[in-house]
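K.L.:
For what it's worth, the UniProt record's numbering labels the leading residue of the sequence shown as 1, then goes sequentially. Have a look at the structure that comes next, please.
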Amino acid sequence: MSLRICILETDVLRPELTAQYHGYGRMFEQLFSRQPIAAEFRVYNVMNGDYPADDEVFDAYLVTGSKADSFGSDPWIQTLKAYLLKLYARGEKLLGVCFGHQLLALTLGGKAERAEKGWGVGIHRYSLAAHAPWMDPEVSELTLLISHQDQVTELPEGATVIASSDFCPNAAYHIRDQVLCFQGHPEFVHDYSRALLDARQTSLGDEVYHKAIASLATEHQGDLVGEWMLRFIGQSVSKDSVA
């Protein structure tokens with residue numbers, strides 16, 4: 001039996017990148033399809049007002065990254081926050097990445113804001129601050145592709161930090177067996193990150209840009225995090241769903 005995952009897509013890619021990369025929903029489908037756990041997906045672009053029908057049933061809901069600010073006042077963001085609160089109240093599993101990581105923290109009582117340390121881009125390394133059974137395979141540290149200028153600065157009540165660094169202390173967290181969030185992008189590939197860096201070179205500045213480009217020579221562990229996510233979802237669904 002496959003896990004059923006609802007991907008709540010919160011952005012539209014730059015026009016010059018759409019033909020090759022399609023969207024964040026597709027990137028997550030590709031990430032999860034490489035894992036040893038069966039899953040199927042439905043993608044809804046909530047930025048455009050697209051949501052699942054009330055009678056659709058999923059094992060988890062994943063909120064993607066976005067160029068929007070999680071603390072923004074856009075109507076679609078407020079609608080999404082209300083939707084996530086409803087899902088959380090009825091006990092649904094929720095996952096978030098980058099924008100989704102920040103939005104879920106905000107929605108559940110934490111705080112996210114523009115980071116004083118500026119842009120985080122390229123490959124970033126984190127120390128692991130906790131271990132859970134679904135964090136398998138186990139590693140001592142984590143590397144992920146990142147692209148963000150906002151951060152979670154206060155965690156929601158009951159949240160446990162999973163990964164952290166001096167640059168981003170709340171880089172990943174979970175709330176019991178219901179919420180799992182990462183600031184980094186497990187769905188990104190090096191070529192997409194390079195394209196974003198090139199598009200933002202002027203706003204990043206030469207020093208940050210060139211340091212980030214150099215970091216792309218390092219491998220990242222997006223596939224590992226993708227497997228952790230599926231194990232997190234599958235742990236209370238059915239043992240048959242997890243390889």
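Ideal Cβ placement from N, Cα and C applies to all residues, glycine included.
Please classify residue 231: is it buried, with 16 or more other beta-carbons within 10 angstroms of its beta-carbon, or exposed?
P.N.:
In the sequence shown, the residue the question calls residue 231 occupies position 231. The residue is buried, with at least 16 neighbouring Cβ atoms inside 10 Å.
K.L.:
Can you list the alpha helix (DSSP H) stretches of 4 or more residues lying completely in the UniProt domain "Glutamine amidotransferase" (86 to 191), in chain order?
P.N.:
Correct list: 99 to 107.
K.L.:
Bridge partners for residue 42 per DSSP, in chain order?
P.N.:
On the sequence shown, position 42 is the one that residue 42 refers to. Beta-bridge pairing links residue 42 to 6.
K.L.:
What would DSSP say about residue 61, mapped onto helix, strand or coil?
P.N.:
Reading the sequence shown from its first residue, position 61 is the one you call residue 61. Correct three-state label for residue 61: strand.
K.L.:
Which of the three DSSP states, helix, strand or coil, is assigned to residue 211?
P.N.:
The residue given as residue 211 occupies position 211 in the sequence shown. DSSP places residue 211 in helix when its eight states are reduced to three.
K.L.:
Of the residues 67, 226 and 127, which one's Cα is nearest the Cα of residue 196?
P.N.:
The sequence position of residue 196 within the sequence shown is 196, counting from 1. Out of 67, 226 and 127, 67 has the C-alpha closest to the C-alpha of residue 196.
K.L.:
Can you round the beta-carbon distance between residue 178 and residue 91 to whole angstroms, since I take them to be within the 8 Å contact cut?
P.N.:
Here residue 178 refers to the residue found at position 178 of the sequence shown. Here residue 91 refers to the residue found at position 91 of the sequence shown. Confirmed, Cβ separation roughly 7 Å.
K.L.:
At least one CB of chain D closer than 8 Å to the CB of residue 105: is that the case?
P.N.:
Here there is only one protein chain, and chain D is not present.
K.L.:
Using the C-alpha atoms, what's the distance from residue 153 back to residue 9?
P.N.:
Working through the sequence shown from its first residue, we reach residue 9 at position 9. Working through the sequence shown from its first residue, we reach residue 153 at position 153. The straight-line gap from Cα to Cα measures roughly 24 Å.
K.L.:
Am I right that residue 164 and residue 127 are in contact with their C-beta atoms under 8 Å? What's the rounded C-beta distance?
P.N.:
If you number the sequence shown from 1, residue 164 lands on position 164. If you number the sequence shown from 1, residue 127 lands on position 127. 6 Å between Cβ atoms; contact.
K.L.:
Is the distance from the Cβ of residue 143 to the Cβ of residue 125 below 8 Å?
P.N.:
Here residue 143 refers to the residue found at position 143 when the sequence shown is read from its first residue. Here residue 125 refers to the residue found at position 125 when the sequence shown is read from its first residue. Cβ atoms of residue 143 and residue 125: closer than 8 Å.
K.L.:
Can the beta-carbon of residue 244 be found less than 8 Å from the beta-carbon of residue 7?
P.N.:
The shown model of the chain, from 1 to 243, leaves out residue 244, and the question about it has no answer.
K.L.:
Should residue 150 go down as buried or exposed, given a rule of 16 or more other Cβ atoms within 10 Å for buried?
P.N.:
Residue numbering aside, residue 150 sits at position 150 when the sequence shown is read from its first letter. Burial call: buried.
K.L.:
What residue range does the alpha helix (DSSP H) around residue 18 cover?
P.N.:
The residue you call residue 18 lines up with position 18 of the sequence shown. Its alpha helix (DSSP H) spans residues 15 to 21.
K.L.:
Given residue 59, which residues of its chain have a CB within under 7 Å of its CB, disregarding the five upstream and five downstream residues?
P.N.:
Locating residue 59 in the sequence shown gives position 59, where the first residue counts as 1. For residue 59, where only same-chain residues beyond five positions count, the Cβ hits under 7 Å are 3, 4, 5, 93, 233 and 237.
K.L.:
Can you give the Cα-Cα distance for residue 46 and residue 107, rounded to whole angstroms?
P.N.:
Along the sequence shown, one-based indexing puts residue 46 at 46. Along the sequence shown, one-based indexing puts residue 107 at 107. When rounded, the distance between both Cα atoms is 16 Å.
K.L.:
Do the CB positions of residue 31 and residue 186 come within less than 8 Å of each other?
P.N.:
Sequence index remark: in the sequence shown, residue 31 carries index 31 (1-based). Sequence index remark: in the sequence shown, residue 186 carries index 186 (1-based). Yes, these two residues count as a Cβ contact at 8 Å.
K.L.:
Which word fits residue 221, buried or exposed, when buried means at least 16 other C-beta atoms lie within 10 angstroms of its C-beta?
P.N.:
Your numbering for residue 221 matches position 221 in the sequence shown. Per the 10 Å Cβ criterion, buried.
K.L.:
Looking at residue 95 and residue 229, is the spacing between their C-beta atoms short of 8 Å?
P.N.:
In the sequence shown, residue 229 corresponds to position 229, counting from 1. In the sequence shown, residue 95 corresponds to position 95, counting from 1. Taking 8 Å as the Cβ cut-off, residue 229 and residue 95 qualify as a contacting pair.
K.L.:
Considering only their Cβ atoms, is the gap separating residue 156 from residue 105 smaller than 8 Å?
P.N.:
By one-based count along the sequence shown, residue 105 stands at place 105. By one-based count along the sequence shown, residue 156 stands at place 156. Result yes, Cβ atoms of residue 105 and residue 156 sit closer than 8 Å.
K.L.:
With C-beta atoms as the reference, is residue 131 less than 8 Å away from residue 141?
P.N.:
Position 131 of the sequence shown holds residue 131. Position 141 of the sequence shown holds residue 141. No, the pair does not count as a contact, with Cβ atoms beyond the cut-off.
K.L.:
Excluding five sequence neighbours on each side, which residues of the same chain lie with their C-beta closer than 6 Å to the C-beta of residue 243?
P.N.:
Translated into the one-based positions of the sequence shown, residue 243 becomes position 243. At residue 243, the pLDDT of 36 sits below 50, so the modelled position is not reliable and the matter cannot be decided from this model.
K.L.:
Would DSSP call residue 56 helix, strand or coil?
P.N.:
On the sequence shown, position 56 is the one that residue 56 refers to. DSSP places residue 56 in coil when its eight states are reduced to three.
K.L.:
Run the CB neighbour count on residue 147, radius 10 Å, all protein chains shown included, and call it buried at 16 or more, exposed below.
P.N.:
Indexing the sequence shown from 1 puts residue 147 at position 147. Buried.
K.L.:
If we count the other Cβ atoms within 10 Å of its Cβ and call it buried at 16 or more, is residue 49 buried or exposed?
P.N.:
For the purposes of this step, residue 49 is taken as the residue at position 49 of the sequence shown. It counts as exposed.
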